[in-house]
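Chemist: What follows is a structure written as structure tokens; I'll ask about it next.
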Amino acid sequence: MGDQIQFIVEKLNQEPFRKNYNLISFDSLESLQLLQLLSDVLGEIDPKHAVDIREELPEQTAKRMLNLLGILKYKPPETVSDLSAFRQGLVTGSKPVIHPVLHWLLQRTNELKKRAYLARFLVRLEVPAEFLQDDTVADFNKQYEELMEAFKNLHKEHEQLKISGLSTAEIRRDISAMEEEKDQLAKRVERLKKRVETVQNHQRMLEIARQLRLEKEREESLAQQKQEQKSQLFHAEQRLQRAQVQLKEMQHVLADSKPESLMKKLEEEINFNSYLVTEKIPREMESKKTSVYFLQKMVAEPAMTQADLTALESEIDEVKAQMNQLIEKRMIKYEPTDSKFSMYRQQASIISRKKEAKAEELQAAKEEMSSLERQMEQKSSQAHELEGSEVLTEDEFKQYVNKLRGKNTFYKKKRLEIAEITAEYGILQRTEELLRQRHEAIQQQLEAIEEKKGISGYSYTQEELERVSAVKSEMDEVKGQTLDNMSEMVKKLNAMVAEKKASLAPVIKELRQLRQNCQELTQECDEKKIQYDSCAAGLETNRSALEQEVKGLLEECAQEESNYRYINCMKRSLEIQLQRAKEEMKAYVSSDPQERRRAVREQYTRIILEQENLGKKLREKQKVVRESHGLNMKQMKMWQDFEQLMECKRECFLKQQNQAAIGQVIQEGGKDRLVL
């Protein structure tokens with residue numbers, strides 16, 4: 001509801017209304033003023049409704065407005081129970097009825113202007129069926145419907161032309177230019193035809209020229225396609241280069257980044273987002289909701305008078321006095337033990353405020369960084385598009401060619417070596433295979449001999465023992481070398497430790513003294529920091545209290561200023577009304593008849609008498625029409641029957657004449673036959 005009233009006030013303060021309303025002055029409008037305002041808005045949509053409602057009866061005003069709203073296809077809101085309640089609210093100027101109508105009208109003024117303009121020509125006039133029996137009335141009604149359809153078609157064409165953006169003058173100029181060009185081309189073709197007819201084989205030459213023209217057009221189209229493909233290839237290469245550059249940058253970033261740094265960044269981002277979701281955003285939403293609730297409550301309440309303001313001020317003073325008493329009681333009761341807690345609370349509030357400020361700064365910095373990154377990407381893409389592919393200089397190209405030649409010779413040399421090694425590898429592989437086959441055959445023979453002798457597995461066991469003994473001897477040698485190396489290393493380390501101890505002894509003494517001094521300074525720093533924090537907390541509380549007091553005084557000053565302006569406006573309106581009442585009383589009491597005629601009461605009395613006389617005359621006319629209606633209808637029926645009777649007589653007369661003519665012709669034909 002508040003947004004609706006705000007929208008209405010903004011639209012009424014703009015052109016063409018320029019009412020200079022605010023929320024308070026608009027809300028304080030009376031029912032008659034609201035109806036006049038609605039009539040002004042309807043008059044802006046349809047100029048026929050730009051009237052002063054004081055010059056017409058309330059029923060006429062409601063009927064006029066309801067008729068136009070029905071033409072504009074306005075639907076009452078769901079809060080209105082039925083149409084009768086809506087009509088009654090429109091007659092009385094009820095705010096719950098007028099405000100939605102104004103909001104709906106001001107939202108779509110241009111559309112409704114167009115609809116009202118079309119309604120002047122497209123709303124059908126209902127003709128009773130008995131009047132349509134008359135041929136003249138029926139013809140006029142048919143002509144009226146045809147004109148309405150023609151108007152619909154013309155309006156559609158007009159809208160399409162407005163959308164297309166072409167003017168009739170431009171179209172006429174284009175048509176005239178095209179006709180002139182057509183005439184010139186026709187004359188030129190005639191001259192060329194006359195010139196060509198004298199040449200031999202001109203038909204064949206014309207055919208060849210036509211084929212040549214077609215081939216040239218085809219060549220031009222192929223050249224254009226080739227150019228388009230070249231440009232597409234160039235753009236594709238540029239996109240590929242940009243993608244490669246971006247890929248290199250991403251690979252560089254991934255190569256430089258470590259899992260620990262990435263995890264740390266992710267943890268910081270998660271902590272920041274969790275703080276925003278759990279603390280900052282819910283607190284802001286709650287404050288916004290409370291402010292919206294209070295604003296809606298203030299908008300829903302009626303306009304306050306000075307008595308209401310004084311009553312509220314007295315209540316506020318009483319509540320402040322009670323709060324001060326409760327604070328004094330609490331300070332007396334909890335003064336000895338609550339001082340420390342109050343200091344900690346103050347420090348906690350200061351830290352929370354600092355945290356909120358830093359979070360807002362971080363959010364702003366992130367947004368700025370994202371915008372700068374987008375700008376950097378745009379600039380880099382523009383730079384790549386302007387520079388294109390990199391062009392090598394002559395010296396760089398020579399170096400590149402020499403490097404390729406050296407690589408080519410090296411590649412050929414290595415390729416020969418690989419071929420030799422491959423051949424040798426094939427020979428060695430074949431030799432190994434042959435030796436393996438011989439070894440397997442000898443092994444089988446040895447196993448057969450061992451089975452015959454009854455000592456199967458002897459050779460395998462002997463080989464294993466020899467392998468194990470060889471491995472053991474190697475391990476013993478390695479252990480001996482390792483022990484010798486370790487003993488030498490221990491001796492060297494001991495000597496180095498002794499040297500370092502001797503060199504670090506004076507440094508350690510100095511370090512002990514410095515550590516002692518550092519502990520003393522740290523303790524002193526902690527004490528100073530505690531004192532500073534307590535002092536800062538006290539100053540911060542005083543500053544916040546002073547800020548709140550200044551804020552309250554500023555709000556009170558603004559409220560008093562608005563009250564002063566409101567009272568002045570009310571005073572001026574009352575003075576104007578009082579002046580009008582005095583003038584009316586003076587004119588009514590005056591002995592001068594001319595002066596008394598100017599009084600509003602005399603004017604309304606005169607208008608009422610005139611309307612009553614007019615009503616009497618109209619009722620008398622109605623009575624006369626009702627009395628003569630039956631006779632007139634009977635007379636009209638008799639004339640219609642008489643007309644039908646005369647029509648029948650005319651038809652009978654025509655038929656009789658036709659029959660007499662046919663009989664005469666037959667008689668003449670019979671006489672001719674007799675003569676023959």
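Letter 281 of the sequence shown, counting from 1, is numbered 281 in the UniProt record's numbering, and no numbers are missing.
We put the CB at the ideal spot given by N, CA and C, even for glycine.
1. E575 by DSSP, collapsed to three states: which one?
2. In whole angstroms, what separates the C-alpha of C648 from that of F642?
3. Under the three-state reduction of DSSP, which class applies to D52: helix, strand or coil?
4. Less than 6 Å between C-beta atoms, sequence neighbours within five positions excluded: which residues of the same chain meet that for Y532?
5. Kindly confirm or deny that the region 111-125 and the region 57-65 touch, where touching means at least three C-beta pairs closer than 8 Å.
6. Mind listing, in chain order, the continuous alpha helix (DSSP H) runs of no fewer than 4 residues lying wholly within the UniProt domain "IFT81 calponin homology" (3-126)?
7. DSSP state of V490, grouped into three classes?
8. Please report the straight-line C-alpha distance between S370 and E284, rounded to a whole angstrom.
9. Residue 716 to I53, Cα distance in whole Å?
10. So, K280 versus A357, is the Cβ gap smaller than 8 Å?
11. Could you give the DSSP three-state label for T198: helix, strand or coil?
12. Could you give the C-beta distance for N22 and V9, rounded to a whole number, given that I count them as a contact under 8 Å?
13. How about Q347 and A545: do their beta carbons lie closer than 8 Å?
14. State the Cα-Cα distance for the pair I5 and L102, rounded to the nearest angstrom.
15. For a test of the three-state rule: what should DSSP assign to L231, helix, strand or coil?
16. Using a Cβ-Cβ cutoff of less than 7 Å, which residues in the same chain neighbour D46 once the five nearest sequence positions on both sides are dropped?
17. Need the endpoints of the alpha helix (DSSP H) that A129 sits in, please.
18. Please work out which residues of its chain come closer than 8 Å, Cβ to Cβ, to N13, disregarding the five sequence neighbours upstream and downstream, and give them in chain order.
19. Please determine, among K637, G70, E595, the residue with the shortest C-alpha to C-alpha distance to Q133.
20. Does the separation of the CB atoms of S31 and C569 fall below 8 Å?
21. Ignore the nearest five residues each way along the sequence and tell me which others in T337's own chain have a CB closer than 7 Å to its CB.
22. Determine the direct distance from the alpha carbon of V550 to that of R543, and round the result to whole angstroms.
23. In whole angstroms, give me the CA-to-CA distance for I175 and D183.
24. Check D592 in the structure and name its three-state DSSP category.
25. Which runs of the alpha helix (DSSP H) at least 4 residues long sit entirely within the region 581-631? Give them in chain order.
26. Given a cut-off of 8 Å on the beta-carbon distance, is the pair L372 and F272 in contact?
27. Just to confirm before moving on: does the CB-CB distance between N612 and V600 stay below 8 Å?
Modeler: In short, the structure shows the following:
1. Here residue 575 is taken as the residue at index 575 of the sequence shown, counted from 1. Helix.
2. Indexing the sequence shown from 1 puts residue 648 at position 648. Indexing the sequence shown from 1 puts residue 642 at position 642. Those two C-alpha atoms are separated by around 10 Å.
3. By one-based count along the sequence shown, residue 52 stands at place 52. Here D52 sits in coil by DSSP.
4. For the purposes of this step, residue 532 is identified with residue 532 of the sequence shown, where counting begins at 1. Excluding positions up to five away in sequence, the list is empty.
5. no
6. 23-27, 31-45, 58-71, 83-92, 95-107, 109-122
7. The residue you call residue 490 lines up with position 490 of the sequence shown. Three-state DSSP puts V490 in a helix.
8. The residue labelled residue 370 in the question sits at position 370 within the sequence shown. The residue labelled residue 284 in the question sits at position 284 within the sequence shown. Spanning the two alpha carbons is a distance of roughly 24 Å.
9. In this structure the chain extends from 1 to 676, so residue 716 is not present and cannot be described.
10. For the purposes of this step, residue 280 is taken as the residue at position 280 of the sequence shown. For the purposes of this step, residue 357 is taken as the residue at position 357 of the sequence shown. The answer is no: Cβ separation not under 8 Å.
11. Indexing the sequence shown from 1 puts residue 198 at position 198. Three-state result, T198: coil.
12. By one-based count along the sequence shown, residue 22 stands at place 22. By one-based count along the sequence shown, residue 9 stands at place 9. Right, the Cβ-Cβ distance comes to about 7 Å (below 8 Å), so this counts as a contact.
13. Here residue 347 corresponds to residue number 347 of the sequence shown, with the count starting at 1. Here residue 545 corresponds to residue number 545 of the sequence shown, with the count starting at 1. Their beta carbons are not under 8 Å apart, which means Q347 does not touch A545 by this criterion.
14. Taking the first residue of the sequence shown as position 1, residue 5 is located at position 5. Taking the first residue of the sequence shown as position 1, residue 102 is located at position 102. Looking at the two C-alpha atoms, the distance is approximately 9 Å.
15. Start at 1 with the first residue of the sequence shown, and residue 231 comes out as number 231. Note on identity: in this sequence residue 231 is Ser, with Leu being the wrong assignment. The answer is helix: DSSP assigns S231 an H, G or I state.
16. In the sequence shown, residue 46 corresponds to position 46, counting from 1. Closer than 7 Å at the Cβ level, and outside the excluded window around D46, lie L68, A116.
17. Sequence index remark: in the sequence shown, residue 129 carries index 129 (1-based). 129-132 is the extent of the alpha helix (DSSP H) around A129.
18. Stepping through the sequence shown from its first residue, residue 13 is reached at position 13. So the list reads K19, N20, Y21, once near-sequence residues are dropped.
19. On the sequence shown, position 133 is the one that residue 133 refers to. Out of K637, G70, E595, K637 has the C-alpha closest to the C-alpha of Q133.
20. Walking along the sequence shown from the start, residue 31 turns up at place 31. Walking along the sequence shown from the start, residue 569 turns up at place 569. No.
21. Taking the first residue of the sequence shown as 1, we reach residue 337 at position 337. Unreliable placement is indicated for T337, whose pLDDT of 46 sits below 50; the coordinate value is still reported in the next sentence. Result list for T337: empty, nothing under 7 Å.
22. Against the sequence shown, residue 543 aligns to sequence position 543. Against the sequence shown, residue 550 aligns to sequence position 550. Each residue's alpha carbon lies about 10 Å from the other.
23. On the sequence shown, residue 175 is found 175 positions in, with the first residue counted as 1. On the sequence shown, residue 183 is found 183 positions in, with the first residue counted as 1. Answer to the nearest angstrom: the Cα atoms are 12 Å apart.
24. Reading the sequence shown from its first residue, position 592 is the one you call residue 592. The answer is coil: DSSP assigns D592 none of H, G, I, E or B.
25. 593-597
26. Looking up residue 372 in the sequence shown gives position 372. Looking up residue 272 in the sequence shown gives position 272. No, the pair does not count as a contact, with Cβ atoms beyond the cut-off.
27. Here residue 612 refers to the residue found at position 612 when the sequence shown is read from its first residue. Here residue 600 refers to the residue found at position 600 when the sequence shown is read from its first residue. Checking the sequence shown, residue 612 turns out to be Glu, not Asn. Result no, Cβ atoms of E612 and V600 do not sit closer than 8 Å.
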